[in-house]
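Q: Mapping to our numbering: the sequence shown position 53 is 53, numbers consecutive.
First the structure, then my questions, so here it is.
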Amino acid sequence: MIQRKDFPAAWYFEGMEVTETDTGIEISACVLKHRDDIYPFEEVSFDLIPDDKVKVAYDLYVVLDQETNKMDYMLVRTYIEPDGYYPGYSGEKRLIHTLLTIEVDTAGNRSGTIRNYHE
């Protein structure tokens, strides 16, 4: 089961709608606000594809390129070790938020969290 959690945040979204579909996740166009800065995000979608041998994790991050001041999504698909371990964010850009973390088992069952960051 995928749960949803709300978090008040200094970096918050307006107009974001996250929808779970039969094949994956859809996210509406929206803006991320922080103080006087506004970062637009286009509509995106991606499939949640199970592996036939091991569980996989999908993490969707919001990252900031501090050189260009450009904000973007970063989707990472990771194979989960038998003991449940998988690494977290290891990118070069500044991590602002983890929007969702979803695990998909070999049968296609989903569990995880979709986070809503609001004012």
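Heads up, the beta-carbon is just placed ideally off N, CA and C, and yes, glycines get one too.
Bear in mind the structure is a predicted one, so any value in this text is a computation, not a measurement.
Return the chain-ordered list of same chain residues with a C-beta closer than 6 Å to the C-beta of residue 119, the five sequence neighbours on each side being excluded.
A: Residue 119 sits at position 119 when you count from the first residue of the sequence shown. So the qualifying residues of the chain are 12.
Q: If distances are taken between C-alpha atoms only, which option among 115, 103, 117 and 116 comes closest to residue 24?
A: Residue numbering aside, residue 24 sits at position 24 when the sequence shown is read from its first letter. With distances taken between Cα atoms, residue 24 lies closest to 103.
Q: Does the Cβ-Cβ distance between residue 2 and residue 111 come in under 8 Å?
A: Mapped onto the sequence shown, residue 2 falls at position 2. Mapped onto the sequence shown, residue 111 falls at position 111. A contact, by the Cβ cut-off of 8 Å.
Q: Using the Cα positions of residue 63 and residue 86, report the straight-line distance between them to the nearest angstrom.
A: Residue 63 sits at position 63 when you count from the first residue of the sequence shown. Residue 86 sits at position 86 when you count from the first residue of the sequence shown. Using only the alpha carbons, I get a separation of about 20 Å.
Q: With a cut-off of 8 Å on the beta carbons, I'd call residue 80 and residue 107 a contact; round off their distance for me.
A: As a first step, residue 80 must be located in the sequence shown, where it is residue number 80. As a first step, residue 107 must be located in the sequence shown, where it is residue number 107. Incorrect: roughly 14 Å between the Cβ atoms, too far for contact.
Q: DSSP three-state call for residue 87: helix, strand or coil?
A: Taking the sequence shown and counting its residues from 1, one reaches residue 87 at position 87. DSSP places residue 87 in coil when its eight states are reduced to three.
Q: Just to confirm my understanding: we take residue 38, look at its own chain, exclude 5 residues before and 5 after, and list those with CB closer than 7 Å. What are they?
A: Sequence index remark: in the sequence shown, residue 38 carries index 38 (1-based). The residues are 31.
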